[in-house]
Amino acid sequence: MRINFFLKCSSCGEILDQKDPSLKCPKCKSQLVVDYDYEAIKEQVRHIFDGQVSTIWKYRPLLPLINEKNIISIGEGGTKILRASKLASYLDIDKLFLKVEAWNPTGSQKDRQLSLAISRGLELGYKISITSSSGNVGASVAAYSSKASILPLIMVPNIAPEEKLAQIIMYGGVVIMLDTPSNIEVASLVEKIVEKFQIYDVVTAGTHNPYTVEGGRTISYEIYEQLGQLPDVVIAPVGGGGLLGSMWKGFKELEILGLVKRNELPRMIGVQASGCAPFVQAIKEKWDIKKVFSTPWGVINTICNAIADTIPLDALHALPAVRESDGTAIAVNDDETLEAEYKLSSLEGIFAEPSSSTTIAALKKLREEKIIDRGESVLCMITGTGFKDLRSIMKIKGKFVRLQPNLNNVINYIEREFITKNR
Ligand SMILES: Cc1ncc(COP(=O)(O)O)c(C=O)c1O
Ligand SMILES: [Zn+2]
């Protein structure tokens with residue numbers, strides 16, 4: 317297969333070929349972006365978009381890797397899209413789809429990003445990987461690195477939930493907790509450690525490693541294949557913004573490949589927790605990228621730890637996603653998120669973590685504010701599983717009765733509370 321990718325500096329325009337191991341521009345140290353020879357790809361993908369999904373590696377000509385033998389795969393991607401009719405009627409909307417990324421191998425959409433980034437890291441000859449993570453990236457980096465026989469060092473802020481730390485350790489990751497709630501502070505330390513030891517930087521942000529944002533494009537390809545068309549609106553949680561940005565890149569590529577028309581591309585809506593919402597502020601106040609990087613959010617005050625990034629490091633990709641698609645960004649508070657999480661679980665059987673339930677809370681608000689019409693088709697990203705973050709839920713929703721193990725006692729309770737009331 318002909319290899320179709322190259323790297324381009326986002327600042328000075330320097331072009332690097334696919335054999336170049338740089339993760340930042342060698343000339344000016346700015347962010348590199350992966351670009352593609354779409355004319356060549358057009359020919360190669362002619363039969364690929366056949367309506368079936370499998371793993372991200374189905375889209376091999378669109379993924380930046382030279383040699384197939386470096387592919388590290390645990391079955392990432394190919395996630396289901398569910399039609400959520402009960403939730404739709406609760407939210408007063410005709411057509412609601414859920415792309416359930418929580419069912420990826422380690423329980424979040426990050427597996428798409430890391431399957432690709434670690435495969436490329438293996439190709440570039442790295443023996444040790446390092447990342448900053450509140451848990452989901454860490455789990456994914458640990459699983460894929462260990463499978464590639466690369467040692468994963470996972471630096472976590474002190475807000476990472478225990479379930480996620482346990483998962484990272486089980487995948488063979490070395491957990492190093494730093495006494496700060498800020499993922500961005502941890503990420504900037506990682507940058508310095510990488511400079512010192514030349515180990516593989518897999519902080520999932522294009523500013524650290526351009527390959528970490530490319531895997532998310534496959535979500536958009538799958539949406540097109542599974543629905544046969546694109547929804548009117550896509551709602552995704554925003555931490556660094558890599559997910560939103562890479563999905564937008566994927567949708568635009570479908571246009572470049574001649575599969576959809578420009579006016580069929582969805583409006584992209586980014587969601588954050590109101591206790592850490594720098595991206596929402598950036599959109600509302602029309603900040604440029606320089607302002608975004610020089611204005612970190614102050615105090616983090618949310619249970620949505622997976623998206624509590626004080627600087628959206630992938631603003632280069634995420635700001636245009638909202639602006640070019642005529643979308644918006646919206647913040648939801650923790651009460652709204654927990655209510656949405658409960659509705660999602662109890663109406664549709666999908667147990668998602670708070671950070672990913674924000675999309676449902678956002679849809680409720682966007683309907684109330686009439687920013688989304690009833691007749692528009694909406695796809696909400698459900699990015700991470702609820703099993704990884706139980707503490708916040710147990711505090712609020714974890715109420716249950718305790719009875720003596722006595723048959724009459726139990727019969728009386730059930731009869732009084734449920735049988736009589738539901739007759
Ligand atoms: C469950 C979940 N949803 C959404 C996101 C947001 O992704 P991004 O940081 O690319 O904006 C993350 C990031 O870690 C996540 O873990
Ligand atoms: Zn440059």
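The working numbering puts the sequence shown at residues 317 to 739. No residue lacks a Cβ here, since even glycine has one placed at the ideal position from N, Cα and C.
Out of the options, state which residue places its alpha-carbon closest to the alpha-carbon of residue i.
| i | options | result |
| --- | --- | --- |
| Ile-623 | Ser-673, Tyr-658, Tyr-527, Ala-598 | Ser-673 |
| Thr-520 | Ile-599, Gly-393, Gly-561 | Gly-561 |
| Asp-336 | Leu-403, Lys-411, Ala-400, Gly-437 | Gly-437 |
| Leu-663 | Glu-507, Gly-451, Ala-400 | Ala-400 |
| Glu-640 | Met-563, Gly-665, Lys-681, Ser-610 | Met-563 |
| Gln-588 | Gly-556, Gly-714, Gly-574 | Gly-556 |
| Ser-326 | Val-350, Ser-456, Gly-544 | Val-350 |
| Asp-366 | Asp-353, Glu-541, Phe-413 | Glu-541 |
| Lys-343 | Pro-421, Lys-324, Gln-334, Glu-355 | Lys-324 |
| Glu-479 | Gly-691, Gly-643, Asp-705 | Asp-705 |
| Thr-395 | Leu-632, Ser-448, Asn-386, Gln-425 | Gln-425 |
| Val-472 | Tyr-487, Ile-492, Lys-402, Arg-683 | Ile-492 |
| Pro-670 | Ile-712, Glu-684, Glu-685 | Ile-712 |
| Ala-433 | Ser-389, Ala-647, Lys-402 | Ser-389 |
CB of residue i to nearest heavy atom of ligand 2: below 7 Å?
| i | result |
| --- | --- |
| Cys-696 | no |
| Ser-741 | With the chain represented from 317 up to 739, any question about residue 741 goes unanswered, as that position is not in the structure. |
| Glu-330 | yes |
| Lys-343 | yes |
| Cys-620 | no |
| Cys-592 | no |
Strictly under 8 Å for the Cβ-Cβ distance: is residue i near chain C by that measure?
| i | result |
| --- | --- |
| Lys-715 | The displayed structure is made up of one protein chain only, and chain C is not part of it. |
Just confirm the distance between the C-beta atoms of residue i and residue j, as a whole number of angstroms; I'd bet it's less than 8 Å.
| i | j | result |
| --- | --- | --- |
| Val-554 | Ala-645 | 7 Å |
| Ile-627 | Gly-591 | Not really, about 15 Å apart at Cβ, beyond 8 Å. |
| Ala-598 | Leu-635 | 7 Å |
| Ala-637 | Ala-418 | Actually they are not in contact, since the Cβ atoms of Ala-637 and Ala-418 sit about 22 Å apart, beyond 8 Å. |
| Phe-595 | Gly-423 | With a Cβ gap of about 23 Å, Phe-595 and Gly-423 do not count as contacting. |
| Asn-499 | Ser-450 | 6 Å |
| Gln-347 | Gly-522 | 5 Å |
| Ser-456 | Leu-430 | 4 Å |
| Leu-469 | Val-502 | In fact, because the Cβ distance is near 12 Å, the residues do not count as touching under 8 Å. |
| Pro-740 | Gln-360 | As shown, the chain starts at 317 and ends at 739. That puts residue 740 outside it, with no answer to give. |
| Lys-659 | Leu-403 | 6 Å |
Quick check on residue i: does DSSP put it in helix, strand or coil?
| i | result |
| --- | --- |
| Thr-674 | helix |
| Val-615 | coil |
| Ser-370 | coil |
| Leu-432 | helix |
| Tyr-516 | strand |
| Gln-347 | strand |
| Phe-667 | coil |
| Tyr-352 | strand |
| Val-453 | helix |
| Ala-624 | coil |
| Ser-326 | coil |
| Gln-588 | strand |
| Phe-567 | helix |
| Ile-730 | helix |
Verify the contact flag: residue i, CB atom, against every heavy atom of ligand 1, threshold strictly below 7 Å.
| i | result |
| --- | --- |
| Thr-447 | no |
| Ile-470 | no |
| Leu-481 | no |
| Gly-557 | yes |
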